[in-house]
Amino acid sequence: MDDATRLEIFRQSLLSRRLEERVMSLAKAGEVPASLHMGAGQEVAQIAALAALRPQDPMLYGHRGVGYWIARGVEPEVILCDIAYREGGTNKGKGGPMHLADPSRGVLGETGSLGGNFVIGVGIAYAEQYRRSGNVAIVFFGDGTANRGQFHEALNFAGLRKLPIVFFCENNGWGLSTPTAAASAVVDIARRAAGYDMPGVTVDGRDADAVFAATRVAADRARSGGGATLVEANVDRLHAHYLGDREPYRTDDEKAALWVNDPLARLVTQIEATGIDVAPIEAEVADRVERAVTYMRAQPLIDIATVREGVYSEPGIVR
Amino acid sequence: MDDATRLEIFRQSLLSRRLEERVMSLAKAGEVPASLHMGAGQEVAQIAALAALRPQDPMLYGHRGVGYWIARGVEPEVILCDIAYREGGTNKGKGGPMHLADPSRGVLGETGSLGGNFVIGVGIAYAEQYRRSGNVAIVFFGDGTANRGQFHEALNFAGLRKLPIVFFCENNGWGLSTPTAAASAVVDIARRAAGYDMPGVTVDGRDADAVFAATRVAADRARSGGGATLVEANVDRLHAHYLGDREPYRTDDEKAALWVNDPLARLVTQIEATGIDVAPIEAEVADRVERAVTYMRAQPLIDIATVREGVYSEPGIVR
Amino acid sequence: MKYAHAIRDALSIELRRDDAVVVFGEDVGAFGGVWGVTRGMTKEFGDRVFDTPISEDLIVGMAIGMALRGMRPVAELQYADFVFCAGAEVFLNTATYRYAHGGLFDLPMVVRMACGGGGFGPEHSQSTEAYLMHTPGLRVCLPSTAYDAKGLTLAAIRSNDPVFVLEHKRLYGVADDVPEGDYIVEFGRARVRRAGTHVTIVAWQDMLRRALVAAEQLSDDGIEVEIIDPVTVNPLDVDAIVASVRKTGACVVVEEAPRTGGVGAEIGALLMEHAFGYLDKPLRRLAIPDTPVPMAEHLVDALAPSTADIVTTVRELMR
Amino acid sequence: MKYAHAIRDALSIELRRDDAVVVFGEDVGAFGGVWGVTRGMTKEFGDRVFDTPISEDLIVGMAIGMALRGMRPVAELQYADFVFCAGAEVFLNTATYRYAHGGLFDLPMVVRMACGGGGFGPEHSQSTEAYLMHTPGLRVCLPSTAYDAKGLTLAAIRSNDPVFVLEHKRLYGVADDVPEGDYIVEFGRARVRRAGTHVTIVAWQDMLRRALVAAEQLSDDGIEVEIIDPVTVNPLDVDAIVASVRKTGACVVVEEAPRTGGVGAEIGALLMEHAFGYLDKPLRRLAIPDTPVPMAEHLVDALAPSTADIVTTVRELMR
Ligand SMILES: Cc1ncc(C[n+]2csc(CCOP(=O)(O)OP(=O)(O)O)c2C)c(N)n1
Ligand SMILES: Cc1ncc(C[n+]2csc(CCOP(=O)(O)OP(=O)(O)O)c2C)c(N)n1
Ligand SMILES: [Mg+2]
Ligand SMILES: [Mg+2]
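Residue numbers (the numbering used here), protein chains in the order written: chain A, 109 to 427; chain B, 109 to 427; chain C, 278 to 596; chain D, 278 to 596.
Right under this line is the structure:
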């Protein structure tokens, strides 16, 4: 990865982190709903993975954090408005942060019930292969989600048809309160790739360079007809599962130990080693976030008159 | 395997084969419904596997053939009556040959939608472990069924909890009309075991000794707390998927080539090598089958007045 | 032309017309599907008519993904019961994807499946239209003739919304006049299958055939039955049903699904709301009396509404 | 005692009384479940209250298997929408296993899940009772008070049939008088929550609370509402509803699910069949107007029937 790419990953990760922190403070203050699953500690991996793809490559994101959207250039204003159920977001209060969508940026949404992403992602990849678009689909998911049956049905078909898709697992060691080792017969999810005749690679998801490199290899393979890859990034969930979760299942010490490896801090070190001062970037990001908050606050709540819109297309039937 | 066991496997396999042939002729004559999926070519593996277990070990069978039931001592009369929807069977016309059940023999049924066996089997194994019964559950399924999502959810949990269960795959190279290689990213289903931290073994399912040995190892492992095993037996489906299937997807020559390896013929050779004449056994089996047919013919069709029985238990609530 | 052939005709027209269309499902490729609907189609369309693994979640989920990328997938589930094998994909993801993402995506996808009949057992015989009808976001077609099967299938493929087409097993072999070439049967337009003045029967598919026979018998008694075929139940042509009942003053709904919570329940409630005061007689529902569908055909015949049941019920009502 | 606590009480009583009982689901172990129902229980019951992977098919399928072996499993699905994530297991296998196997097995199993509410989005907010009610073989409980939550949970665990208990998210924190120790709330016995003479309202859970508030406002206008809480919808206490409507001559059903094909439809049809001639006014259904449940709470409030909607509807009806 070149320095410019790393710098951009840093910028986006920082923006994601700060935006999320702001969402947490707004939620605690009761100003926005507390519906976001915090992504701190995982955003670097998400963003580095997306940096290794092309901007138009179709993506189904996971439920954790805002990094996926920031990486695709979705404006913080838009993200905040979706979170706040206000005008100015993408889904008009219908899906909140679970279902932000921007087809022009390849942001194709997510299923709220875990596992749907796998099979829908395969359909997307099928379409790309069928159209010879040269696009590569990417599906993000957690280690816990890898225990859903659709994982199996999807990876089998993707392996069989050599579909252009990257299955990107963010293994943070937890599915809500349940440790991966208490839910999964193998803690290295990548080992499952063998059952689908596709490569499975595990990388340190706290290392942007490693994630970028592994994802680029997977994307190149997919784009050149070599088929799917299961990439597993080991990451840390630095916050609770969601805001209301008091985390009785792990101690403060355990959490503090994770913060020591904060991948964002690692990126700062790397960036500063190239002689760049991050302070102005911090300032710029802080400003960007506050502008977004101001914008969001000025937007009206989604009009209740629109609550029934969007169930069906208009016109239903096209001749 | 000792000679007596092999002889018993032969007897049961022969009975299964001849009984099924009789069902086919009865069905062609319109005397019984054509609802059975023929098991010829696979019954030896089924029966050898069950010979390696204890008679009370709980079993969920697959949809192919009558071997599972013969191995457990279900009388041919009973099987025919279930196939013919007559009194004298087990399920009173409700499930026909898809749902023959005999709890006293550990014959716990089957789900008609493929895949249910996996997760139900895990529940059975959980109960055996919980009760420290010393029983080992066995679930039979085809290579095609191994592509259902429940395979994944079940094997993961069985691997995680080291449950006493054997997942027995009859890989006959087809899922109805679809070759395994056109449906499954890996044609050796046992390779998938790696994703669940359990052993996966592939055996020649045309070889009773090999199937018996592999299943015994798996059962011993399960019984001694070592957990689940995925056993894959390569077998041939000697007949069509079901009676109405004209098999446009394979040639007569291809089928004829399979019959050359008929595992029942191999068993005959092995048995005769020990100096036993199989002719009397053939005669005895033929007689057994005809007695069953006579019995079945004398039984009345299930009374339509009972059609609503069995939906709920009586009394519903036990205090 | 037979019903099965008429559907094939529709699929072929759309495959020729629009390269965004693909057809897939278990055994639908070279084999032509368990119902023979796609027989011969791979010759003309090659891999655009393709086999999937036994992976129902994949089949439906993949359709969603393809649709998101501008394709017009037509998926087959072998049995209408199997909407539950793809439960999350059908009832959660297909139904809500558009709405949850703010209406930003159209989902032009079709899921075809075989419903009803006897001799297939509890998990292969259901008519699942009431479940689908209770799910906002899904269009539901119930073709009762070859003419409608073709026209509805064409309309379904051209719909920008997800359409579930329940094809009846007992109708696949039934022929009627089907025009060559292209035509549409509109959604939400019920058909008066028989004009009458004394009582309205709402029925579709196999129950419609029985109602038509019953109507002739009743006509001999001087009772003239008006028979309404809803054609689609989402959208449901409430006006047509209400208009008929306002005229006749009596209504019988005949359906091949459990009575409680069936389509008949909805029609009953609608009549209360829209034809109150016009009814001289209470609604009568003929349906499966809240029992699974057994395997034995003679038991199914005892369970599902028969022509004689319809005649008796109408006579009683008219007394 | 609060509703959540009352359920915990019931689970604990049964766990103590009968070692065949186990409780499991995602995060129900040490964490105590996302709804806090099982909080603290592992301290007393250890691994008899255990976490599962994120594998809904497994959760329900495993319960079937355990029940087949004489255990009395109590499974939790985090959201009532997730009956579809275990679609085949719930609607096909649980529902038909007993019937298909000739009534040879009892399935004493309970599936608990959280329904209704707002702020969770389209796949985490559904009340799926109408789907379950349309499925013969499944008992369906809808506790509206802590008292009933405890008594129904106790009855459910002691039932020899599969019981689905829909617990309402907005009720978990609501307290009422709950006796210590053991008692049963019988299935199929509706409760008159408020006696009245002018109109019958059928409502349960959060809609019942709204109906009770509305009734007080209507009482000020001189309209005395009788409110029936069905308590269970399979079995459904038709007699109680019919008796009330025969007395009042008018009926409003209020439900938190899509109108079309909802429980209200069934009640409408039943009234036609059993109270024809007694109704002075047409049925009114207040329900979600065939739209998925959006994420934004203020949109949900606009969509689901409100106290004001109930008041307005009853006033109009009584005009
Ligand atoms: C089918 C389904 N089951 C359960 C849930 C509830 N749920 C949401 S996130 C989550 C944990 C997911 O764990 P993992 O996939 O490891 O992702 P992480 O939260 O750790 O990022 C659960 C159980 C759901 N949304 N869908
Ligand atoms: C969920 C589900 N999908 C499809 C079917 C229809 N079906 C019954 S048997 C079969 C083929 C099964 O193939 P395999 O598991 O390899 O077993 P085999 O028939 O080869 O013995 C199919 C598709 C079904 N019963 N259930
Ligand atoms: Mg995780
Ligand atoms: Mg096979």
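Backbone N, C-alpha and C fix where the C-beta goes; we use that ideal spot for every residue, glycine too.
Just the chain C side, please: which residues come within less than 8 Å of Met132(B) by C-beta, in chain order?
To locate residue 132(B), count along the second sequence from 1; it is residue 24. Listed along the chain, the chain C residues whose CB falls inside 8 Å of the CB of Met132(B) amount to none; the nearest CB is some 17 Å away.
Could you check if Gly396(D) belongs to the surroundings of ligand 3, using beta carbon to heavy atom distance under 7 Å?
Along the fourth sequence, read from residue 1 onward, the residue named residue 396(D) stands at position 119. Gly396(D) Cβ: outside cutoff for every heavy atom of ligand 3.
Name the chain B residues whose beta carbon is nearer than 9 Å to that of Gly499(C)?
Taking the first residue of the third sequence as 1, we reach residue 499(C) at position 222. Neighbours of Gly499(C) on chain B: none; closest Cβ ~32 Å, over 9 Å.
Identify whether Arg294(D) lies in helix, strand or coil by the three-state DSSP scheme.
In the fourth sequence, the residue the question calls residue 294(D) occupies position 17. Here Arg294(D) sits in helix by DSSP.
For Gly217(A), decide whether its Cβ has a neighbour in chain C, counting only Cβ atoms nearer than 8 Å.
Your numbering for residue 217(A) matches position 109 in the first sequence. Yes, contact with chain C.
Could you check which residue in Val577(D), Ile461(D), Ala573(D), Leu563(D) has the C-alpha nearest to that of Thr590(D)?
In the fourth sequence, counting from the first residue as 1, residue 590(D) sits at position 313. Considering only alpha carbons, the answer is Leu563(D).
When we look at the beta-carbon of Val522(C) and count the other beta-carbons within 10 Å, is it buried (16 or more) or exposed?
Along the third sequence, one-based indexing puts residue 522(C) at 245. With 16 or more other Cβ atoms from the protein chains shown falling within 10 Å of its own Cβ, Val522(C) counts as buried.
Gly170(B) Cβ short of 7 Å to ligand 2 heavy atom set:
Residue numbering aside, residue 170(B) sits at position 62 when the second sequence is read from its first letter. Taken from the Cβ of Gly170(B), at least one heavy atom of ligand 2 lies inside 7 Å.
Taking beta-carbon pairs under 7 Å, can you tell me which members of the stretch 323-353 of chain B lie near chain A?
Residues passing the 7 Å Cβ filter: none.
Please determine, among Ala377(C), Asp304(C), Arg325(C), the residue with the shortest C-alpha to C-alpha distance to Glu353(C).
Here residue 353(C) is taken as the residue at index 76 of the third sequence, counted from 1. Distances from the CA of Glu353(C) to each of Ala377(C), Asp304(C), Arg325(C) were compared; the closest alpha carbon is that of Asp304(C).
How many Å lie between Asp256(D) and Pro141(A) at the Cα?
Residue 256(D) lies beyond the stretch modelled for chain D, which goes from 278 to 596, so this question has no answer here.
Ends of the beta strand (DSSP E) at Asn279(A)?
For the purposes of this step, residue 279(A) is taken as residue 171 along the first sequence, with counting starting at 1. Element bounds for Asn279(A): 273-279.
Report all residues from its chain with a CB closer than 6 Å to the CB of Phe248(A); omit the five preceding and five following residues, and keep chain order.
One-based indexing of the first sequence puts residue 248(A) at position 140. The beta carbon of Phe248(A) sits closer than 6 Å to the beta carbons of Tyr169, Gly170, Phe276 from its chain, once the five residues preceding and following it are set aside; these are given in chain order.
What residue range is occupied by the uninterrupted beta strand (DSSP E) comprising Cys189(B)?
Translated into positions along the second sequence, residue 189(B) becomes position 81. If you look at Cys189(B), you'll find it isn't in any beta strand (DSSP E); it sits in the alpha helix (DSSP H) that goes 184-192.
Skipping 5 residues on each side, what residues in its chain have a beta carbon closer than 6 Å to that of Glu506(D)?
Along the fourth sequence, read from residue 1 onward, the residue named residue 506(D) stands at position 229. The sequence given here has Asp at residue 506(D), not Glu. Cβ within range, chain order: Ser421, Arg468, Arg470, Trp481, Leu485.
Rounded Cβ spacing between Ile478(D) and Ala432(D) (contact assumed at less than 8 Å)
As a working note, residue 478(D) is residue 201 in the fourth sequence. As a working note, residue 432(D) is residue 155 in the fourth sequence. Rounded to the nearest angstrom, the Cβ distance from Ile478(D) to Ala432(D) is 25 Å, too far for a contact under 8 Å.
With 8 Å set as the bound, which would you pick, yes or no: does the beta-carbon of His282(D) sit closer than that to a beta-carbon of chain C?
Residue 282(D) sits at position 5 when you count from the first residue of the fourth sequence. For His282(D), the answer is no, since every Cβ of chain C falls outside 8 Å of its Cβ.
Please classify Trp312(D): does DSSP put it in a helix, a strand, or coil?
As a first step, residue 312(D) must be located in the fourth sequence, where it is residue number 35. Three-state DSSP puts Trp312(D) in coil, outside helix and strand.
Would you call the CB atoms of Asp312(A) and Ala321(A) closer than 8 Å?
As a working mapping, residue 312(A) is identified with position 204 in the first sequence. As a working mapping, residue 321(A) is identified with position 213 in the first sequence. The beta carbons of Asp312(A) and Ala321(A) sit no closer together than 8 Å.
Name, please, each residue of chain D whose Cβ falls closer than 9 Å to the Cβ of Phe265(B).
The count along the second sequence starts at 1 and reaches residue 265(B) at position 157. Ordered by position in chain D, the residues that pass the 9 Å Cβ test against Phe265(B) are Thr329, Pro330, Ser332, Leu335, Met339.
Would you say the beta carbon of Leu346(A) comes nearer than 7 Å to a heavy atom of ligand 1?
Counting from one through the first sequence, the residue named residue 346(A) turns up at place 238. False, no ligand heavy atom lies under 7 Å from that Cβ.
Please tell me whether, using a cut-off of 7 Å, the distance from the CB of Ser221(B) to the nearest non-hydrogen atom of ligand 2 is below it.
By 1-based counting over the second sequence, the position of residue 221(B) is 113. It does: the Cβ of Ser221(B) is within 7 Å (strictly closer) of some heavy atom of ligand 2.
Is Gln355(D) near ligand 1 - that is, is its Cβ less than 7 Å away from at least one heavy atom of it?
Counting from one through the fourth sequence, the residue named residue 355(D) turns up at place 78. Indeed, a heavy atom of ligand 1 lies less than 7 Å from the Cβ.
Residue nearest to Thr430(D) in terms of C-alpha spacing, selected from Gly317(D), Gly538(D), Tyr280(D), Thr405(D)
The residue given as residue 430(D) occupies position 153 in the fourth sequence. Nearest C-alpha to Thr430(D): Tyr280(D).
Got a sec, what are the start and stop residues for the beta strand (DSSP E) Val388(C) sits in?
Within the third sequence, the letter at position 111 stands for residue 388(C). Val388(C) -> beta strand (DSSP E) spans 387-392.
What residues in its chain sit with their C-beta under 6 Å from that of Lys428(B), if we drop five residues either side in the sequence?
There is simply no residue 428(B) to check, as chain B begins at 109 and stops at 427 in what is shown.
So, for Arg126(A): in the same chain, excluding its five sequence neighbours on each side, which residues have a beta-carbon less than 6 Å away from its beta-carbon?
The count along the first sequence starts at 1 and reaches residue 126(A) at position 18. Cβ within range, chain order: Val393, Val397.
Taking only beta carbons into account, state which residues of the stretch 158-175 of chain B come closer than 9 Å to chain D, listed in chain order.
Of all residues in the stretch 158-175 of chain B, Pro166, Leu168 have a Cβ within less than 9 Å of some Cβ in chain D.
What first and last residue would you give for the alpha helix (DSSP H) that runs through Leu346(B)?
As a working mapping, residue 346(B) is identified with position 238 in the second sequence. That residue, Leu346(B), is in no alpha helix (DSSP H); it is neither H nor E in DSSP.
Beta-carbon neighbours of Met206(B), restricted to chain C and to distances below 8 Å:
Stepping through the second sequence from its first residue, residue 206(B) is reached at position 98. Below the 8 Å Cβ cutoff, chain C contributes Gly398, Met572 as neighbours of Met206(B), in chain order.
Starting from Asp305(D), follow the alpha helix (DSSP H) in both directions and report where the run begins and ends.
Taking the first residue of the fourth sequence as position 1, residue 305(D) is located at position 28. The sequence shown places Val at residue 305(D), not Asp. Counting along the chain, no alpha helix (DSSP H) covers Val305(D), and no H or E run does either.
Tell me which residues of the stretch 541-555 of chain D have at least one Cβ-Cβ distance to chain C shorter than 9 Å, keeping chain order.
Taking a C-beta cut-off of 9 Å against chain C, the contacting residues of the stretch 541-555 of chain D are Gly541, Ala542, Glu543, Ile544, Gly545, Ala546, Leu547, Leu548, Met549, Glu550, His551, Ala552, Phe553, Gly554, listed in chain order.
Contact between the stretch 364-381 of chain C and the stretch 215-222 of chain A is defined here as three or more beta-carbon pairs at a separation below 8 Å; is this criterion met?
Contact between the stretch 364-381 of chain C and the stretch 215-222 of chain A is established, with three or more Cβ pairs separated by less than 8 Å.
Name, please, each residue of chain C whose Cβ falls closer than 8 Å to the Cβ of Thr286(B).
Taking the second sequence and counting its residues from 1, one reaches residue 286(B) at position 178. Taking a Cβ-Cβ cut-off of 8 Å, the neighbours of Thr286(B) in chain C comprise Glu303, Asp304, Gly306, Phe308, Asp328, Pro330, given in sequence order.
Residue nearest to Thr584(D) in terms of C-alpha spacing, selected from Ala287(D), Leu495(D), Pro439(D), Lys320(D)
If you number the fourth sequence from 1, residue 584(D) lands on position 307. Distances from the CA of Thr584(D) to each of Ala287(D), Leu495(D), Pro439(D), Lys320(D) were compared; the closest alpha carbon is that of Leu495(D).
Please list the terminal residues of the continuous beta strand (DSSP E) segment that includes Phe327(C).
As a first step, residue 327(C) is located in the third sequence; it is residue number 50 there, counting from the start. Per DSSP, Phe327(C) belongs to the beta strand (DSSP E) from 326-328.
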